[in-house]
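Per this note's numbering, the sequence shown runs over residues 2 to 148.
Every residue gets a Cβ at the ideal spot worked out from N, C-alpha and C, and that includes glycine.
What follows is a short report on a single structure.
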Amino acid sequence: MPRSLLPSSGDFHFIREGLRVYDAIHGVPRPGLPSLRHANEILRHFRHGNAAVAGIMGQRVVGLANYYTGGRGQSEAWLHGLAVDPDVRRQHVGTHMLGFILDHMKSSGASICKLESLPEAVGFYEANGFREHDETDDVNRLMTYSF
Numbered sequence: 002m003p004r005s006l007l008p009s010s011g012d013f014h015f016i017r018e019g020l021r022v023y024d025a026i027h028g029v030p031r032p033g034l035p036s037l038r039h040a041n042e043i044l045r046h047f048r049h050g051n052a053a054v055a056g057i058m059g060q061r062v063v064g065l066a067n068y069y070t071g072g073r074g075q076s077e078a079w080l081h082g083l084a085v086d087p088d089v090r091r092q093h094v095g096t097h098m099l100g101f102i103l104d105h106m107k108s109s110g111a112s113i114c115k116l117e118s119l120p121e122a123v124g125f126y127e128a129n130g131f132r133e134h135d136e137t138d139d140v141n142r143l144m145t146y147s148f
């Protein structure tokens, strides 16, 4: 189900479906989250990573993730975002995507994955082997996964 994508490749199905997923998840703009109503904005949001993954069910994109490998001499990787369409949550889409990403990070030489999580997602990441490390600000939590 996970499929590796490069947003800069001009995969307009990815961009269109990505906008739909982000609109479903972040219909009301929240502080710190970009408004992703235009294709250029979703591409700009994904510029922080060097890889993107889409969760696919049939012909439909139901999840997106953006991550970066190669930090601190290849040993550190960052997950910048993982979002799943609310209509398909609790169907293991996020778990499959996260597993795909962690496998890629490990094969790229990473020994640790870091991410900043909103409080409501901490349980998901803990269930998948992450540990809460520290608070990064008033809202987000720094979490780590060791390979």
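Quick check: what's the CA-CA separation for residue i versus residue j?
i: residue 96; j: residue 124; result: 12 Å
i: residue 120; j: residue 70; result: 24 Å
i: residue 108; j: residue 88; result: 32 Å
i: residue 86; j: residue 110; result: 30 Å
i: residue 55; j: residue 122; result: 19 Å
i: residue 133; j: residue 127; result: 8 Å
i: residue 52; j: residue 59; result: 22 Å
i: residue 81; j: residue 57; result: 19 Å
Among the residues of its own chain, which have a CB less than 8 Å from the CB of residue i, if the five just before and after it don't count?
i: residue 117; result: 137, 141, 142, 143, 144
i: residue 76; result: 110, 111, 112, 113
Using only alpha-carbon positions, find the residue among the options that is nearest to residue i.
i: residue 129; options: 99, 94, 80; result: 99
i: residue 183; options: 81, 94, 52; result: For the chain, the structure presents residues 2 to 148; residue 183 sits outside this window and is missing.
If you drop the 5 nearest sequence neighbours on each side, which residues of the same chain put their C-beta closer than 6 Å to that of residue i?
i: residue 131; result: 144, 146
i: residue 115; result: 79, 145
i: residue 92; result: none
i: residue 39; result: Any reading at residue 39 needs caution, since the residue's pLDDT is 46, under 50, leaving its predicted position unreliable; the model's value is listed next. Excluding positions up to five away in sequence, the list is empty.
i: residue 106; result: 70, 78, 114
Pull the bridge partners of residue i from the DSSP assignment, please.
i: residue 66; result: 54, 83
i: residue 145; result: 115, 132
i: residue 61; result: 58
For residue i, does the count of other Cβ atoms within 10 angstroms reach 16, so buried, or fall short, so exposed?
i: residue 36; result: With a pLDDT of 46 at residue 36, under the threshold of 50, the modelled position of that residue is not reliable, and the figure given next carries that caveat. Exposed is the call here.
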